[in-house]
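Peer 1:
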Amino acid sequence: MKHEILAALAEVERQHAVRVLLAVESGSRAWGFVSQDSDYDVRFIYVHSRDWYLRIFAERDVIEPEGEGLLDPSGWELRKALRLFSKCNIALNEWLNSPIVYREAEGLRCQLQALMPAFFNPIAAIHHYLSMARTALDAREAGAISVKKLFYVLRALFACRWIERTTSQPPTEFKRLVDSVTDDTEKSWIAELLRQKAGGCEADMATLTQQRLDAYTSELTGLDTYATRTPRPSKTSHEPLDAIFRQWAM
């Protein structure tokens, strides 16, 4: 599949006259809980030539090429990505920490990873993951929930635990979260869920007991309170991001 992904990225560059600076896997494949029918959620950051930026009207800063089969590509223009990074965009942070990299202009990802602690906002991060968990929980039906949605809940909840304990960006890989913030009982249950997901489809159903549902719902409420009481971080100068933009776009 990597050959098809690289070919799709090359076609993006040809059609849009851009240069792809970073292309990674996002979603379940990057997180580490793949199903038989999981998509390849390829996410990329690209840059235009200098003249594209010297215009009085801004143009579209997203590329969403039509994928084929399981391929689901989408990309952000560099300036858009840097603006979102300055606001602690969690999806972008996860891209930057993805364990699966398809294309990389040497240096860019390391530059942004080094700046991530300075721009990390635990309040914004907690709210991002809380929203993800609650949306997935709302999709359950009569005590049952799809395996895919259940993993969304668990990953988001464990990411919140990580933030509460470390006030830092959670790892993209689910296993690192499980190893760091769960007890033996949860680890055993999750290991069984991972086996079920790996051998089945994303629409397969799992049972979430009322006891676990109540415990997780209560924990999410507590995390909401934590986010409310956490002091807002001080603003960080955008100059390092301006420098990165000038380096890669000019």
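Residue numbers (the working numbering): 851 to 1100. Glycine included, every Cβ here is placed at the ideal spot set by N, Cα and C.
For A1048, which option in T1078, V884 and T1067 has the closest C-alpha, if you only look at C-alpha atoms?
Peer 2: The residue with the shortest Cα to Cα distance from A1048 is V884.
Peer 1: I'd like to check one pair, L1000 with A1056: are the Cβ atoms closer than 8 Å?
Peer 2: Against a cut-off of 8 Å, the Cβ pair of L1000 and A1056 comes out as a contact.
Peer 1: List the DSSP bridge partners of E875.
Peer 2: In DSSP, E875 forms a bridge with V892.
Peer 1: Between the alpha carbons of T1022 and N939, how many angstroms are there, rounded?
Peer 2: Rounded to whole angstroms, T1022 to N939 spans 14 Å at the Cα level.
Peer 1: The beta strand (DSSP E) that contains V951, what's its start and end?
Peer 2: First-last of the beta strand (DSSP E) with V951: V951 to E954.
Peer 1: Ignore the nearest five residues each way along the sequence and tell me which others in L921's own chain have a CB closer than 6 Å to its CB.
Peer 2: Answer for L921: Y890, listed in chain order.
Peer 1: Just the C-alpha distance for A983 and E1014, rounded to the nearest angstrom, thanks.
Peer 2: Taking the straight line from one Cα to the other gives about 16 Å.
Peer 1: Using the C-alpha atoms, what's the distance from F1024 back to H977?
Peer 2: Using only the alpha carbons, I get a separation of about 19 Å.
Peer 1: So, under 8 Å CB-CB, L871 and Y896 are touching, yes? Tell me the CB distance rounded to an integer number of Å.
Peer 2: Confirmed, Cβ separation roughly 6 Å.
Peer 1: Using the Cβ count rule (16 or more neighbours within 10 Å means buried), how would you classify P972?
Peer 2: Buried is the call here.
Peer 1: With V997 and D1054 assumed to form a contact (beta carbons below 8 Å), what rounded beta-carbon distance in angstroms separates them?
Peer 2: About 5 Å; that satisfies the 8 Å criterion.
Peer 1: Applying the 10 Å Cβ sphere with the 16-neighbour rule, what's the burial state of P1156?
Peer 2: Because the chain here runs from 851 to 1100, residue 1156 falls outside it and cannot be looked at.
Peer 1: With a cut-off of 8 Å, do at least 3 Cβ pairs link the segment 872-879 to the segment 939-951?
Peer 2: Yes, since at least three Cβ pairs between the segment 872-879 and the segment 939-951 fall closer than 8 Å, the two stretches touch.
Peer 1: Under DSSP, the beta strand (DSSP E) around T1057 begins and ends at which residues?
Peer 2: T1057 -> beta strand (DSSP E) spans M1055 to T1057.
Peer 1: Touching or not, the segment 902-916 and the segment 1068-1079, by the rule of three or more beta carbon pairs under 8 Å?
Peer 2: Output reads no: the segment 1068-1079 does not touch the segment 902-916.
Peer 1: Between the alpha carbons of F970 and R1011, how many angstroms are there, rounded?
Peer 2: About 16 Å.
Peer 1: Taking the alpha carbon of R862 as the reference point, which residue from I913, L987, L1027 and T1017 has its own alpha carbon closest?
Peer 2: As written in the sequence, residue 862 is Val, which differs from the Arg given in the question. Residue I913 is the option with its Cα nearest to V862.
Peer 1: Hey, L1091 and F894 are a contact pair by Cβ (cut 8 Å); roughly how many whole angstroms apart?
Peer 2: About 19 Å; that fails the 8 Å criterion.
Peer 1: Restricting to runs no shorter than 4 residues, where is the alpha helix (DSSP H) found entirely within the segment 951-1010?
Peer 2: The qualifying runs are 958-969 and 972-988.
Peer 1: Closest to Q1019 by C-alpha separation, out of A955, Q963 and T1078, would be which residue?
Peer 2: Closest option to Q1019, Cα to Cα, is Q963.
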